[in-house]
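S.K.: One structure, as structure tokens, below. Some questions next.
Residue numbers (my numbering): 830 to 1177.
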């Protein structure tokens, strides 16, 4: 054997070659071992669906909206690009203050409005009780002339005690209003208020007097077409016409004073008739009726001399406008003077 080959054989005889076999793959089915790290997903939080709840007002009942059925969210894949939210894809709109268009309007009305007691004195308390349907209610006190003068903040149903005005007599009125949109319901109650003062005559009028009667010295004189009355406390002459023309009565200031002539000698009455004197005479001769007439043109001549009424009375009712006044006349007859000089006559 040649020397080189022998040397190579000797070297190879001392070498041990170790071969490590490649391990067989594991036979677990469906399990894949990946060398790429799995994506980190955020935790899933359960979020409830938003439900619009509209609180109905007093005039409408709005049903609560029904939430939509839940929508399943697809499970995340291993791509590492999706993020799970846990929310359904569609949410209801946020609630608003408006009533849904399909809301049914509640009825509007006043089922109860009462006042107690039935009779009071000025300044006493009254109790009001009411029940109404609508959006809101308003309570008002009514003045004697019909104006709404005092308001009270009240709920749709309730009870309220209020004091009557200390100077209001005759009656006390309240109004209740229930409103919903452009619709309004209303109701009224009234209580009788006793008078602070008494009338000087009987039977007494239904209204209360504005004050105590004025007892006064008076003078009177009858005419062909009416009557004259003088009251000392205010020094006025009331002329009551019976000719059917307007005004039916008038009030004139006493323009006569001591030192003036008591009558007009140039005016001579027919037999059995008289010319009025002093204050009655001045009013009769010069009292204005129209640009072309004076009081005597309507009254005519006096049918008797004037005479005294030693204890007469004058009293007016408490109406804020268009008050009636009552005055003692000849023979104890009481006359009522209608508002705006629109009439007069014996009472009752």
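Built from N, CA and C at the ideal position, the CB exists for glycine as well.
If you follow the alpha helix (DSSP H) that residue 1126 is part of, which residue opens it and which one closes it?
M.R.: 1124-1128
S.K.: Under 8 Å, with one C-beta from each stretch per pair, do the segment 1009-1020 and the segment 1103-1119 reach the 3-pair mark?
M.R.: no
S.K.: Work out the CA separation of residue 1061 and residue 1156 for me, nearest whole Å.
M.R.: 12 Å
S.K.: When you compare only the Cα positions, how much space is there between residue 1001 and residue 971?
M.R.: 7 Å
S.K.: For residue 966, which residues of its own chain have a beta-carbon under 6 Å away from its beta-carbon, when the five flanking residues on both sides are left out?
M.R.: 983, 985 and 1007
S.K.: For residue 1118, I'd like the list of residues in its chain whose CB is within less than 7 Å of its CB, leaving aside the five on either flank, ordered along the chain.
M.R.: 1124, 1126 and 1127
S.K.: Tell me whether residue 993 is buried or exposed, calling it buried when 16 or more other Cβ atoms sit within 10 Å of its Cβ.
M.R.: buried
S.K.: Whole angstroms are fine: how far does the CA of residue 1058 sit from the CA of residue 1021?
M.R.: A straight line joining the alpha-carbon of residue 1021 with that of residue 1058 spans about 35 Å.
S.K.: Using a Cβ cut-off of 8 Å (strictly closer), state whether residue 973 contacts chain C.
M.R.: Protein chain content of the structure displayed is limited to a single chain, and chain C is not contained in it.
S.K.: Looking only at its own chain, which residues have a Cβ that is under 7 Å from the Cβ of residue 1168, when we skip the five neighbours before and after it?
M.R.: 1151, 1152 and 1153
S.K.: Use the C-beta contact count for residue 853: other C-beta atoms within 10 angstroms, 16 or more gives buried, fewer gives exposed.
M.R.: Since pLDDT at residue 853 reaches only 42, below the 50 mark, its modelled position is unreliable, and no value is offered.
S.K.: Pull up the distance between the alpha-carbon of residue 955 and that of residue 1122, whole angstroms please.
M.R.: 55 Å
S.K.: Measure the alpha-carbon distance for residue 890 versus residue 976 and round it to whole angstroms.
M.R.: Only weak support exists for where residue 890 lies, its pLDDT of 41 falling under 50; the value from the coordinates is given anyway. Between residue 890 and residue 976, the C-alpha separation is close to 36 Å.
S.K.: In the DSSP assignment, find the unbroken alpha helix (DSSP H) run with residue 1112 in it and report its ends.
M.R.: 1107-1115
S.K.: Out of curiosity, what's the CA-to-CA distance linking residue 940 and residue 1161?
M.R.: 52 Å
S.K.: Following the continuous beta strand (DSSP E) through residue 1079, name the residue where it begins and the one where it ends.
M.R.: From DSSP, the beta strand (DSSP E) with residue 1079 extends over 1078-1082.
S.K.: Determine the direct distance from the alpha carbon of residue 1108 to that of residue 1050, and round the result to whole angstroms.
M.R.: 11 Å
S.K.: In terms of alpha-carbon separation, which member of 1028, 1070, 1016 and 1038 lies closest to residue 1173?
M.R.: 1070
S.K.: Consult DSSP for residue 1133 and reduce its assignment to one of helix, strand or coil.
M.R.: coil
S.K.: Taking the alpha-carbon positions, what's the residue 1134 to residue 1094 distance?
M.R.: Each residue's CA atom was taken as its position, placing residue 1134 and residue 1094 some 16 Å apart.
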